[in-house]
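Okay, structure first, notes after.
Chains as they are written, first to last, in UniProt numbering: chain A, 1 to 447; chain B, 1 to 447.
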């Protein structure tokens with residue numbers, strides 16, 4: 001057991017609340033601060049890509065007995081449904097039989113997590129703005145405005161779970177030797193909506209992640225519990241086929257009729273939603289170190305914000321907690337070494353999922369419609385079925401295993417090199433499932 | 001001519017003062033703000049690697065008639081003097097006959113630049129701390145402390161020339177789509193001193209940049225006007241042979257006796273200076289965009305802070321001004337497009353000199369003592385002398401030309417590939433200046 005500490009968690013998002021539950025279960029006093037009102041008391045709308053929960057996230061929930069409650073509000077998603085043209089849909093299963101990811105509403109999930117944390121004995125302080133943290137004492141400063149009066153609250157340890165624009169990290173960033181980068185994609189996103197049928201059923205297959213891949217832009221749809229789908233349009237901010245280029249109702253309607261003709265029947269409020277909903281930005285944020293002695297630590301998006309194309313933002317944040325829990329088990333009260341080991345073991349994996357997520361935009365928006373890529377996936381699946389012990393596809397390593405992300409990335413790169421060799425073989429389109437191909441892969445795997 | 005504007009320049013360093021002179025010459029009202037006291041009224045000591053001024057910097061000074069005054073306080077440096085062992089010194093000339101760089105004291109130069117700017121009609125506001133800038137109006141906010149009372153001053157345009165930890169950039173950083181990175185090297189530095197002889201002469205050759213390359217650490221010395229040398233010890237912060245490993249007087253004296261035995265006679269105050277002077281950090285900072293409409297622009301270290309190993313920090317900052325001047329000539333009063341073209345044309349070159357500077361630590365600390373590298377340099381020089389129109393060495397492109405840094409880097413990489421091929425030739429050590437080698441290079445250049 002650890003000696004009980006008084007711990008502040010800044011941020012009542014998904015990672016902050018789950019972290020609070022873990023800390024509370026270890027006997028600590030846990031106070032969670034958030035600058036926003038209690039999410040259970042407000043209407044949540046708008047900004048937020050639907051969440052995808054996969055094995056890493058499920059494990060973190062299961063270890064504190066919360067997986068069933070959370071999965072109860074999720075919709076299993078077993079495949080990609082690729083809308084290549086009008087009425088042409090290709091299906092790509094994510095894993096083997098029964099392997100699924102879960103579509104979740106961020107708002108619903110967050111409400112549930114706050115409930116569960118309160119039930120576990122965590123105290124919440126909403127509409128309390130944390131502006132500063134003293135890195136040597138973990139004391140936080142709270143006030144109405146950045147330049148107004150502040151009061152202080154003393155803690156033994158403060159966690160920054162306050163997201164990509166973390167105020168706690170902002171303070172750490174002023175130290176020497178603090179590495180930091182924020183890089184915006186030129187791709188933005190906007191939410192649209194596919195409402196439920198009159199009888200409450202879904203207009204599209206609810207167990208698919210729907211993609212309309214169109215090169216440098218794409219539309220995506222994920223099912224909600226109420227029969228609706230949240231759609232997300234990913235597109236460059238400027239240039240050809242960009243948010244900037246869609247200024248009028250006519251331009252918008254033409255654009256959708258040209259590129260997404262099969263959505264006309266299912267997105268009735270296109271024009272209203274498009275011009276009402278904000279265009280949001282996508283950023284990759286990296287930093288190091290994540291901790292300061294035994295006093296302050298960052299977790300989740302606050303230390304590794306990633307783009308959403310692998311669906312791993314929450315999963316990576318929840319896995320931070322799994323790793324932290326292992327460290328608490330291992331180091332007990334030696335918090336300085338505990339946090340040091342946490343950041344060092346976790347950082348390469350955070351960098352790896354950032355890279356994988358960045359690359360996946362290309363895969364989703366272009367490659368899913370590319371014959372060569374589809375052939376590659378087909379060969380991989382065929383070989384993997386024959387030799388499951390020799391070939392686990394990258395997506396499965398990332399999504400259906402707990403292998404460290406950095407290892408998954410390295411093996412995935414090696415597999416891709418092998419497949420590039422295989423795709424160069426003569427008549428590969430016809431002979432893709434021949435013994436020759438099988439032997440070639442076996443030989444390359446040994447090299 | 002441009003219509004006169006009221007312009008604020010934040011930062012009275014080298015780039016801020018030279019920029020102010022350029023703006024003043026164009027008829028603008030120019031106010032320079034600095035949080036520090038007037039550098040002409042204080043003793044400057046300690047932190048600051050000696051400056052190196054080369055052709056890009058000289059050009060920016062010459063274009064406003066200031067080159068002779070500045071070169072008058074500089075010492076020409078024509079070569080590297082590589083101290084490989086006791087009394088063993090290899091010399092590497094930087095360029096062709098007469099091509100030199102200049103060693104300058106940052107403090108002396110900065111005082112002179114402020115004098116020159118005042119003479120040109122620039123107004124200075126020292127000990128005025130700028131905390132904020134309104135990006136849409138260029139209005140700056142000034143006050144005693146970050147959280148104290150602020151007063152505002154209105155301008156038409158505000159330049160941030162406030163260095164690597166720029167407050168103006170800090171404000172821009174809060175926008176969406178602002179890319180930013182700061183990356184610290186694990187190499188730190190500390191200043192030491194070689195005093196003048198009793199008669200005021202230099203203890204070492206004053207026209208050399210002295211290097212004691214020792215793998216992952218090195219000592220460097222640059223001459224000052226008063227007969228002394230400023231020495232800089234570059235070394236990892238921690239690990240073997242690090243600042244952290246030198247905690248006691250005995251450890252320090254042993255370390256210098258082992259690695260720099262020939263410095264004992266010339267650095268009398270080693271122990272006192274080492275423990276008195278701070279260990280400083282080295283950071284590479286990149287960002288984009290550099291400007292906000294026609295209201296706010298960054299320049300110099302504020303938008304591209306680099307490590308000092310190519311001696312180009314000030315030169316790159318001064319070249320920013322040369323480019324800005326070309327844009328003022330070209331665009332006149334169209335400041336929005338003027339600043340847009342400035343940032344777009346300058347950014348790739350800022351990235352290139354950052355990369356070159358980062359790489360040069362390896363060259364200075366290890367490669368200058370490496371037989372293969374010395375052979376490469378010898379072949380390059382020999383070929384370049386024979387075919388000056390076909391081969392300008394990278395160092396000369398960067399230091400003795402005004403070719404954009406990005407082009408110099410790209411050509412340098414190509415040249416290095418060629419030389420790696422050449423070094424693989426049979427008996428290259430004996431035949432380095434043979435016709436065969438000459439033909440090989442000529443052939444590779446055509447490829």
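Yeah, the Cβ is synthetic: ideal placement off N, Cα and C, and Gly gets one too.
Since this is a predicted model, take the numbers as computed values, not measurements.
Tell me where the beta strand (DSSP E) around residue i begins and ends.
i              : result
residue 91(A)  : 88-93
residue 182(B) : 179-184
residue 232(B) : 229-236
residue 191(B) : 187-194
residue 102(B) : 101-104
residue 279(A) : Looking at the DSSP string, residue 279(A) is not in any beta strand (DSSP E), and its letter there is neither H nor E.
residue 219(B) : 218-223
residue 76(B)  : 75-77
residue 123(A) : 123-126
residue 142(B) : 140-143
Kindly indicate the opening and closing residues of the alpha helix (DSSP H) around residue i.
i              : result
residue 258(B) : 249-259
residue 152(A) : Not the alpha helix (DSSP H): residue 152(A) falls in the beta strand (DSSP E), residues 150-153.
residue 56(B)  : 55-62
residue 405(A) : 405-423
residue 212(A) : Counting along the chain, residue 212(A) falls outside any alpha helix (DSSP H), though it belongs to the beta strand (DSSP E) covering 208-213.
residue 331(B) : 313-331
residue 170(A) : 167-172
residue 383(A) : 371-386
residue 336(A) : 335-365
residue 392(A) : Here residue 392(A) belongs to no alpha helix (DSSP H), and DSSP marks it neither H nor E.
When you measure from the CB of residue i to every non-hydrogen atom of the ligand GTP, does any distance come out below 8 Å?
i              : result
residue 236(B) : Looking for the ligand GTP in the displayed structure turns up nothing, as the structure carries no ligands at all.
Using a C-beta to C-beta distance shorter than 8 Å, which residues of chain B count as neighbours of residue i?
i              : result
residue 245(A) : Near residue 245(A) there are no residues of chain B at all, since even the closest Cβ is about 17 Å away, more than 8 Å.
What in chain A is Cβ-close to residue i, meaning under 9 Å?
i              : result
residue 180(B) : 180, 181, 182, 183
residue 345(B) : Result: empty, since nearest Cβ-Cβ is about 19 Å, beyond 9 Å.
Please list, in chain order, the chain A residues whose beta carbon lies closer than 7 Å to that of residue i.
i              : result
residue 147(B) : 147
How would you list, in chain order, the residues of chain A whose beta-carbon sits under 8 Å from the beta-carbon of residue i?
i              : result
residue 220(B) : In chain order: nothing, as chain A lies at least about 21 Å away.
Assuming residue i and residue j are in contact, meaning their beta carbons sit under 8 Å apart, how far apart are those beta carbons, in whole angstroms?
i              : j              : result
residue 323(B) : residue 379(B) : Contact flag wrong, Cβ pair sits at about 35 Å.
residue 108(B) : residue 66(B)  : Not a contact, Cβ separation roughly 14 Å.
residue 458(A) : residue 118(A) : Here chain A covers residues 1 to 447 and nothing more, so residue 458(A) does not appear.
residue 2(B)   : residue 227(B) : That pair is no contact at about 46 Å.
residue 256(A) : residue 307(A) : In fact, because the Cβ distance is near 24 Å, the residues do not count as touching under 8 Å.
residue 251(B) : residue 245(B) : 7 Å
residue 53(B)  : residue 314(B) : 7 Å
residue 155(B) : residue 168(B) : Not confirmed; about 12 Å, so no contact.
residue 50(A)  : residue 105(A) : 7 Å
residue 230(A) : residue 277(A) : Actually they are not in contact, since the Cβ atoms of residue 230(A) and residue 277(A) sit about 11 Å apart, beyond 8 Å.
residue 409(A) : residue 352(A) : 4 Å
residue 205(A) : residue 87(A)  : Rounded, the Cβ-Cβ distance is 14 Å, inconsistent with contact.
residue 444(A) : residue 405(A) : About 24 Å; that fails the 8 Å criterion.
Exercise. Please list the residues of the segment 275-293 of chain B that have a C-beta atom closer than 7 Å to any C-beta atom in chain A, keeping them in chain order.
Key: 281
Quiz item: Between the segment 183-194 of chain A and chain B, which residues of the former have CB atoms less than 8 Å from a CB of the latter, in chain order?
Solution: 183, 184
Quiz item: Do the segment 96-111 of chain B and the segment 76-86 of chain B meet, that is, are 3 or more Cβ pairs less than 8 Å apart?
Solution: yes
Self-check item: Positions along the segment 157-182 of chain B whose CB lies within less than 9 Å of some CB in chain A
Solution: 165, 173, 174, 176, 177, 178, 179, 180, 181, 182
Quiz item: Would you call the segment 121-135 of chain B and the segment 149-165 of chain B touching, i.e. three or more CB-CB distances under 8 Å?
Solution: yes
Quiz item: For the 8 Å Cβ check, are there 3 or more pairs between the segment 287-301 of chain B and the segment 414-434 of chain A?
Solution: no
Exercise. Could you say if the segment 13-28 of chain A and the segment 180-198 of chain A meet the contact criterion of at least three C-beta pairs nearer than 8 Å?
Key: no
Quiz item: Are there three or more Cβ pairs, one per stretch, closer than 8 Å when the segment 184-202 of chain B is compared with the segment 220-227 of chain B?
Solution: yes
Self-check item: Touching by the beta-carbon criterion (3+ pairs, under 8 Å), the segment 87-97 of chain A and the segment 396-404 of chain A
Solution: yes
Quiz item: Can you find at least 3 beta carbon pairs, one from the segment 52-72 of chain A and one from the segment 31-42 of chain A, that sit closer than 8 Å?
Solution: no
Practice problem: Examine the Cβ distances between the segment 436-444 of chain A and the segment 281-292 of chain B and report whether three or more of them are shorter than 8 Å. | Solution: no
Self-check item: Validate contact between the segment 204-219 of chain A and the segment 365-375 of chain A using beta carbons, cut 8 Å, 3 pairs
Solution: yes
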